[in-house]
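> Okay, here's the structure, questions in a sec.
Numbering (full-length UniProt numbering), first residue to last: 1 to 293.
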């Protein structure tokens, strides 16, 4: 892979945070009904006559949710609505628990990133020292053995107990082959920045109880076919924020919040649909009621 195509280069140069975040979406959500025994073109035409419904949140990410979020932002901006106010959470037990967990998750994420960065920097320094050794397999392998104790080998290759095996993975073009620095460069340019960004933009719910673990499992196995780009224009997507798919013990204020988010998403969908299809009022809509002068 060329350096210009590495994750490090792409993440450094990409200034659009929404676009960067979309790189990490899980490609799974509720199954879509698909017509059978029709051509692909007929299927697409029939599909556009159906309406899709999807829910998403920061802790239950779906593909294309940045498109749906932008749809709502555009709608509220055009209608001079305060999006922040529309999404204001009620002070319910569920909302407070979510905010506590988010605080814990953010704190844990920062610690993980700091620990990972410190560990990576320290290992990178020692790997660079191996690369500075004379470019022969014997000299570099000797330096590698001196710099990395046996208990650290599994940090590079799962289950590894041999310096030779790990050395081949990191510094050889192939097993017992000539040495190279390409693998180390790839780790620095791709794996490291990818893992760091992954921790930042793909939050996970904190699981404290068996019930919460079971809820997460049910959410996972309940997802099957991914939403596709062709589904976006026909879907109403609701940002449910702090309410999980399996949160059944909700207060009236939580229900009101969900209904408000559903109404907002529906209005944004209709506004977007009208604009994309350039729809105009029909003659019957414009006609005056009988008896009016």
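Even for Gly, the Cβ is constructed at its ideal location relative to N, Cα and C.
#1: If contact is defined by three or more beta carbon pairs under 8 Å, each pair taking one atom from either stretch, is the segment 47-67 in contact with the segment 228-248?
#2: Among 266, 278, 281 and 277, whose alpha-carbon lies nearest the alpha-carbon of residue 71?
#3: According to DSSP, is residue 166 part of a helix, a strand, or is it coil?
#4: Check whether the Cβ of residue 117 lies closer than 7 Å to any heavy atom of the ligand COA, and answer yes or no.
#5: Using only the alpha-carbon positions, how far apart do residue 15 and residue 142 sit?
#6: Is residue 262 helix, strand or coil by DSSP?
#7: Could you give the C-beta distance for residue 90 and residue 253, rounded to a whole number, given that I count them as a contact under 8 Å?
#8: Over the uninterrupted alpha helix (DSSP H) stretch that includes residue 237, give me the two end residues.
#9: What residues in its chain sit with their C-beta under 8 Å from that of residue 33, if we drop five residues either side in the sequence?
#10: Can you name, in chain order, every residue of its own chain whose Cβ lies under 8 Å from the Cβ of residue 251, other than the five neighbours on each side?
#11: Considering only DSSP beta bridges, list what residue 52 is partnered with.
#12: In this structure, does DSSP put residue 157 in helix, strand or coil?
#13: What does the alpha-carbon distance come out to for the pair residue 183 and residue 177?
#14: Could you give the residue range of the alpha helix (DSSP H) that holds residue 201?
#15: Which term fits residue 62, buried or exposed, when burial requires 16 or more other beta carbons within 10 angstroms of its beta carbon?
#16: Name the DSSP beta bridge partners of residue 57, please?
#17: Under three-state DSSP, which class holds residue 133?
#18: Using DSSP's beta-bridge definition, name the partner residues of residue 179.
#19: Could you confirm whether any beta carbon from chain D is found closer than 8 Å to the beta carbon of residue 103?
#20: So what does DSSP say about residue 228, is it helix, strand or coil?
#21: Contact between the segment 117-135 and the segment 144-154 is defined here as three or more beta-carbon pairs at a separation below 8 Å; is this criterion met?
#22: Is the distance from the Cβ of residue 8 to the Cβ of residue 278 below 8 Å?
#23: Can you give the Cα-Cα distance for residue 80 and residue 42, rounded to whole angstroms?
#24: If you draw a straight line from the alpha carbon of residue 162 to that of residue 269, how long is it in whole angstroms?
#25: Between the beta-carbon of residue 76 and the beta-carbon of residue 201, is there less than 8 Å?
#26: By alpha-carbon positions, which one of 17, 46 and 68 ends up nearest to residue 272?
#27: Does DSSP put residue 116 in a helix, in a strand, or in coil?
#28: Starting from residue 11, trace the alpha helix (DSSP H) in both directions and tell me its first and last residue.
#29: Go to residue 70, then tell me how far its alpha helix (DSSP H) extends in each direction, as first and last residue.
For this structure:
#1: Result yes; three or more Cβ-Cβ pairs closer than 8 Å.
#2: As a working note, residue 71 is residue 71 in the chain shown. Residue 266 is the option with its Cα nearest to residue 71.
#3: As a working mapping, residue 166 is identified with position 166 in the chain shown. Residue 166 carries a helical assignment under DSSP once its states are collapsed to helix, strand and coil.
#4: Within the structure as shown, the ligand COA is missing, as the structure has no ligands at all.
#5: For this step, residue 15 is matched to residue 15 along the chain shown. For this step, residue 142 is matched to residue 142 along the chain shown. Those two C-alpha atoms are separated by around 43 Å.
#6: Residue mapping note: residue 262 aligns to position 262 of the chain shown, counting from 1. Residue state, collapsed to three classes: helix.
#7: Locating residue 90 in the chain shown gives position 90, counting from the first residue. Locating residue 253 in the chain shown gives position 253, counting from the first residue. Correct: roughly 4 Å between the Cβ atoms.
#8: Within the chain shown, numbered from 1, the residue matching residue 237 stands at position 237. Careful: residue 237 lies outside any alpha helix (DSSP H), inside the beta strand (DSSP E) at 235-239.
#9: The sequence position of residue 33 within the chain shown is 33, counting from 1. With a pLDDT of 40 at residue 33, under the threshold of 50, the modelled position of this residue cannot be trusted, and the question is left open.
#10: As a first step, residue 251 must be located in the chain shown, where it is residue number 251. Non-local C-beta neighbours of residue 251 in its own chain, meaning closer than 8 Å and more than five positions away in sequence, comprise 90, 92, 93 and 94, ordered along the chain.
#11: Here the question's residue 52 lines up with position 52 in the chain shown. Bridge partners of residue 52: 235.
#12: Against the chain shown, residue 157 aligns to sequence position 157. Per DSSP, reduced to three states, the secondary structure at residue 157 is coil, with no helix or strand assignment.
#13: Position 183 of the chain shown, counted from the start, is the residue given in the question as residue 183. Position 177 of the chain shown, counted from the start, is the residue given in the question as residue 177. In this structure, the straight-line span from the alpha carbon of residue 183 to that of residue 177 is close to 13 Å.
#14: Stepping through the chain shown from its first residue, residue 201 is reached at position 201. Following the DSSP letters along the chain, one finds residue 201 inside the alpha helix (DSSP H) bounded by residues 192-201.
#15: By 1-based counting over the chain shown, the position of residue 62 is 62. Buried: at least 16 other Cβ atoms inside 10 Å.
#16: Working through the chain shown from its first residue, we reach residue 57 at position 57. Residue 57 pairs with 60.
#17: Counting from one through the chain shown, the residue named residue 133 turns up at place 133. Residue 133 sits in coil when the DSSP states are folded into three classes, being neither helix nor strand.
#18: Within the chain shown, the letter at position 179 stands for residue 179. Beta-bridge pairing links residue 179 to 172.
#19: The structure shown contains no chain D; it is built from a single protein chain.
#20: Numbered from 1 along the chain shown, position 228 holds the residue referred to as residue 228. It is coil, neither helix nor strand.
#21: Taking a contact to require three or more Cβ pairs closer than 8 Å, the segment 117-135 and the segment 144-154 qualify as touching.
#22: Looking up residue 8 in the chain shown gives position 8. Looking up residue 278 in the chain shown gives position 278. Contact: no.
#23: Translated into positions along the chain shown, residue 80 becomes position 80. Translated into positions along the chain shown, residue 42 becomes position 42. Looking at the two C-alpha atoms, the distance is approximately 40 Å.
#24: The residue you call residue 162 lines up with position 162 of the chain shown. The residue you call residue 269 lines up with position 269 of the chain shown. The C-alpha of residue 162 lies about 58 Å from the C-alpha of residue 269.
#25: Sequence index remark: in the chain shown, residue 76 carries index 76 (1-based). Sequence index remark: in the chain shown, residue 201 carries index 201 (1-based). Not in contact: residue 76 and residue 201 (Cβ atoms no closer than 8 Å).
#26: As a first step, residue 272 must be located in the chain shown, where it is residue number 272. Ranking 17, 46 and 68 by Cα distance to residue 272 puts 68 first.
#27: The residue labelled residue 116 in the question sits at position 116 within the chain shown. Looking at residue 116 - three-state DSSP - the assignment turns out to be helix.
#28: Position 11 of the chain shown holds residue 11. Where residue 11 is concerned, the enclosing alpha helix (DSSP H) starts and stops at 7-13.
#29: Residue numbering aside, residue 70 sits at position 70 when the chain shown is read from its first letter. Note, residue 70: alpha helix (DSSP H), 65-78.
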